[in-house]
Amino acid sequence: MRIATADAADLLTRVMRKLGHAEADLPAIVDHLIDCELRGLGYGGLARAVAITERIARTGLPGEPIAVTHETPVSAKIEGHDHIGYIVGQRATAIAIDKARTYGLAAVGLVNTYYTGMLSYYAEQMAAHDLVSMIASNAGPWVAPHGAAEGRFGTNPICFGFPAEPHPIIWDIGTSTIMHAEVQLARRLGQPLPEGRAIGPDGRPTTDPSAALKGAFTAWGGHKGSGLGLMVQLLGVLAGSDGITDNMGGFGMVIVAMKADLFGDGEATKRRMADYAEAVRGAKPLDPSRPVRMPFDRSFQVREAARAAGGFEVNAEILAKLRAFLG
Numbered sequence: 074m075r076i077a078t079a080d081a082a083d084l085l086t087r088v089m090r091k092l093g094h095a096e097a098d099l100p101a102i103v104d105h106l107i108d109c110e111l112r113g114l115g116y117g118g119l120a121r122a123v124a125i126t127e128r129i130a131r132t133g134l135p136g137e138p139i140a141v142t143h144e145t146p147v148s149a150k151i152e153g154h155d156h157i158g159y160i161v162g163q164r165a166t167a168i169a170i171d172k173a174r175t176y177g178l179a180a181v182g183l184v185n186t187y188y189t190g191m192l193s194y195y196a197e198q199m200a201a202h203d204l205v206s207m208i209a210s211n212a213g214p215w216v217a218p219h220g221a222a223e224g225r226f227g228t229n230p231i232c233f234g235f236p237a238e239p240h241p242i243i244w245d246i247g248t249s250t251i252m253h254a255e256v257q258l259a260r261r262l263g264q265p266l267p268e269g270r271a272i273g274p275d276g277r278p279t280t281d282p283s284a285a286l287k288g289a290f291t292a293w294g295g296h297k298g299s300g301l302g303l304m305v306q307l308l309g310v311l312a313g314s315d316g317i318t319d320n321m322g323g324f325g326m327v328i329v330a331m332k333a334d335l336f337g338d339g340e341a342t343k344r345r346m347a348d349y350a351e352a353v354r355g356a357k358p359l360d361p362s363r364p365v366r367m368p369f370d371r372s373f374q375v376r377e378a379a380r381a382a383g384g385f386e387v388n389a390e391i392l393a394k395l396r397a398f399l400g
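Each residue of the sequence shown is one higher than the one before, counting from 74 in the working numbering.
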């Protein structure tokens, strides 16, 4: 069913407020979830809000505040104390932006969080400040390394962002063939997974999302994607996480940001980036009806269309669960 963006944001605000999140933190959570929906990634939007209510029902909200536990002029470590990743990630992004704009580059690690969301959400903010970024976030042992039948790393997204016109160039991918939120949503709606995405606890391929959550997801790109996922897991370890984190907590994330003028004329650098992007888009397509795109083109276009339309489609069952939570 269709919901107006403003109504969805109001619903999410009331849900997060009832969960006990501080008023000052509500915009960071709600805007992130809405941005997922506007980009057509519904599994990370209102459906994720349902998962958040279930997670907090099990654990409650943490009593300790987010804290910077180590800092240099160009780096910081943030202890999340089990606060949700949208808040911790936003805090880390703000620190990375401030340090990189002041000193040219910055590295920020954060640890002990969960649900860090779309890394491109943070990269887009940094690109708006003329910052190039690299972000990596590890997670629970849901994904099997290449050749294995059980999980040893998370869906482990990695993201690169570059300032450019008419919009940033952002590549944000998970290193698994399916995201954890997609599997959760499929289980919730009683839908099968696509073939080849998961392994059951018996070590056999499965399309059953419940079996997948007890077993493991497959790595994207065979041994290459598996290796990339392992590197992201280790970057989380660099930030302070365990190698094998809790199933839904203790995640680690690293943000590296640098000014576009770090190696010379920033405006000239951005022009060359934009020119290169246009050269890629101008490549002769294999299918004339499908022009070549740069990373983030689709997300930007879909979001602009959704904003113009003033709303988006959402599963009626998901909407009903959120409304029922409010009573």
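Ideal placement from N, C-alpha and C gives every residue a C-beta, glycine not left out.
These numbers come from a predicted model, not from an experiment.
Item	Value
Assigned secondary structure, A200 (DSSP; H/G/I helix, E/B strand, else coil)	helix
F226, DSSP secondary structure in three states	strand
C-beta contact flag for A401 and G383 at 7 angstroms	This structure leaves residue 401 out entirely; the chain is present only between 74 and 400.
Stretch pair the segment 343-352 + the segment 233-240: three plus CB contacts closer than 8 angstroms	yes
N-terminal and C-terminal residue of the beta strand (DSSP E) that R112 is part of	Where R112 is concerned, there is no enclosing beta strand (DSSP E), given that its DSSP letter is neither H nor E.
Reduced DSSP category for Y194 - H, G, I as helix; E, B as strand; rest coil	helix
Own chain residues within Cβ distance below 8 angstroms of G295, not counting five before or after	H219
Touching by the beta-carbon criterion (3+ pairs, under 8 angstroms), the segment 286-295 and the segment 136-154	no
Where the alpha helix (DSSP H) through M326 begins and ends	Unbroken run through M326 is the beta strand (DSSP E), 324-332; no alpha helix (DSSP H).
Whole-angstrom C-beta distance between V205 and A333, which should lie under 8 angstroms	6 angstroms
Whole runs of the alpha helix (DSSP H) within the segment 293-320, excluding any shorter than 4 residues	295-312
Under 7 angstroms between C-beta atoms of H154 and N185	yes
Continuous beta strand (DSSP E) stretch holding I246: start and end	242-246
Neighbourhood of Q257 by C-beta, 7 angstroms cutoff - its chain only, sequence neighbours within 5 removed	A124
Meets three-Cβ-pair contact criterion under 8 angstroms: the segment 119-134 and the segment 163-176	no
Closest by C-alpha distance to L335, when choosing among N388, L311, G227, Y176	Y176
Minimum C-alpha distance to S193 - residue among V353, I246, V305, M74	I246
Inter-stretch contact at 8 angstroms, needing at least 3 Cβ pairs: the segment 357-377 / the segment 110-118	yes
Through-space distance from G313 to R261, alpha-carbon basis	33 angstroms
Reference D104, options T86, P361, Y116, closest by Cα	T86
Simplified DSSP assignment, three categories, for G182	strand
Helix, strand or coil at H143 [DSSP, three-state]	strand
Endpoints, alpha helix (DSSP H) assigned at S66	The structure shown does not extend to residue 66, since the chain spans only 74 to 400, so no value can be given for it.
R75 (DSSP reduced to helix, strand or coil)	strand
P241 beta carbon less than 7 angstroms from that of A259	no
Host alpha helix (DSSP H) of E351 (start-end)	339-354
Sequence-distant residues of the same chain with beta carbon closer than 6 angstroms to G224, five excluded per side	P214, W215, V216, A217, A289
Where E152 sits in the DSSP three-state scheme	strand
CB-CB length for I231 against V305, believed under 8 angstroms	5 angstroms
Nearest-angstrom Cα separation, counted from G400 out to L392	13 angstroms
Contact belief for T448 with T279 at Cβ below 8 angstroms, rounded distance in angstroms	As shown, the chain starts at 74 and ends at 400. That puts residue 448 outside it, with no answer to give.
Beta bridge counterpart(s) of E386 as assigned by DSSP	R75
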